[in-house]
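Below: one structure, written as structure tokens.
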Amino acid sequence: MGSPFHQPEQDASKFSHLESSGNDASESTYFHKPPEETKTVGLFSNLTTAPVFNNNQDTLMIRAKENGMEKKHDYYSSSQNEDFSTLEQHIEDLTQEKFSLQRALEASRVLAESLATENSSLTDNYNNQRSVVNQLKSDMENLQQEIKAQLVELESIRSEYTNVQLECNAADERAKLLASEVIGLEEKVVFCSW
Numbered sequence: 001m002g003s004p005f006h007q008p009e010q011d012a013s014k015f016s017h018l019e020s021s022g023n024d025a026s027e028s029t030y031f032h033k034p035p036e037e038t039k040t041v042g043l044f045s046n047l048t049t050a051p052v053f054n055n056n057q058d059t060l061m062i063r064a065k066e067n068g069m070e071k072k073h074d075y076y077s078s079s080q081n082e083d084f085s086t087l088e089q090h091i092e093d094l095t096q097e098k099f100s101l102q103r104a105l106e107a108s109r110v111l112a113e114s115l116a117t118e119n120s121s122l123t124d125n126y127n128n129q130r131s132v133v134n135q136l137k138s139d140m141e142n143l144q145q146e147i148k149a150q151l152v153e154l155e156s157i158r159s160e161y162t163n164v165q166l167e168c169n170a171a172d173e174r175a176k177l178l179a180s181e182v183i184g185l186e187e188k189v190v191f192c193s194w
């Protein structure tokens, strides 16, 4: 703790020191440093221009973001349009393919119905022809049986003819014998009559 009586002297010495330092500062700043007012104005100008710069920077950033978003939007829009066009074309192709398949299916159905009708007709014709063939087979078998019977009958007739022929031959032989006997008897009668 110092004595209270020495306080004014200390204050005076501080004031004189500050004054001298202030004069020295003013003289030195005349050649080297700007005055305090200039420093204050510069500081104030820095304070006032900083928000403006910040605002301009923010505006530029916002515009850049907006431009980027617009570009992205345009890119996505063009990409979406291309995708949509591709999808529409794909749908159109699928629709055309569907119609083509439907036409092919309809043609196949008509062809199948025609083939089924033709197959049914051929089946009926085959059944009819098979019935005719079966009838012909039956008739042929009957004819074969008749031919066999006629052959048996012919064989019997031939056998009878052979027997009759043999009997005829035997009758001829007897007739010849009788004729020779008659001739012999006639000769005897003529001889006896002399």
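Numbered according to full-length UniProt numbering, the sequence shown spans residues 1 to 194.
Glycine residues also receive a C-beta, built at the ideal position from the N, C-alpha and C atoms.
From a predicted model like this one, the values you see are computed outputs, not experimental measurements.
Any non-hydrogen atom of the ligand NAP within 8 Å of residue i CB
i, result
"residue 141", "What this structure holds is no ligand at all, so the ligand NAP is not there to describe."
Buried or exposed (CB count within 10 angstroms, at least 16 for buried), residue i
i, result
"residue 21", "Unreliable placement is indicated for residue 21, whose pLDDT of 44 sits below 50; the coordinate value is still reported in the next sentence. The residue is exposed, with fewer than 16 neighbouring Cβ atoms inside 10 Å."
> Taking only runs of the alpha helix (DSSP H) that begin and end inside the region 105-152, which ones reach a length of at least 4 residues, in chain order?
Replying inline: none
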